[in-house]
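Numbering (this note's numbering), first residue to last: 7 to 111.
Each remark here refers to the structure printed beneath this line.
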Ligand SMILES: [Zn+2]
Ligand SMILES: [Zn+2]
């Protein structure tokens, strides 16, 4: 259950109908169902995924050699890390030893 503080916009996680305390401003309020994700929040989530170890398992794999163990398969995903005119960065993560590296294109 994900919710947003009505006063500061911080994400609040709680059960529907329960009183939850906002981690941002401390305001207490009832959690309610909402499917409306603001663009701002979506962007923040994406940024967190870049360096998140747990989320990379959902990425597709590609035949690329791991520089660490020589395994020939790695998860891959791309990310625009800086300004829009910068080239995107490709991330790889070895399916065998879980070594992670990136490539600038
Ligand atoms: Zn708040
Ligand atoms: Zn490896």
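All C-beta atoms, glycine included, are put in the ideal place defined by N, C-alpha and C.
Per DSSP, residue i forms a beta bridge with which residues?
i          : result
residue 25 : 36
residue 70 : For residue 70, which the question treats as bridged, DSSP gives no partner whatsoever.
residue 8  : 19
residue 95 : 85 and 110
Find the nearest neighbour of residue i within the set the options, judged by alpha-carbon distance.
i          : options          : result
residue 68 : 102, 36 and 22   : 102
residue 77 : 84, 8, 98 and 16 : 98
residue 71 : 29, 107 and 23   : 107
residue 23 : 86, 37 and 73    : 37
Looking at residue i: is its Cβ nearer than 8 Å to the Cβ of residue j?
i           : j           : result
residue 19  : residue 10  : no
residue 96  : residue 109 : yes
residue 105 : residue 82  : no
residue 85  : residue 94  : yes
How should residue i be labelled, buried or exposed, when 16 other C-beta atoms within 10 angstroms of its C-beta is the threshold for buried?
i           : result
residue 21  : exposed
residue 100 : buried
residue 75  : exposed
residue 14  : exposed
residue 31  : exposed
From what residue to what residue does the beta strand (DSSP E) around residue i run?
i           : result
residue 84  : 80–85
residue 108 : 106–110
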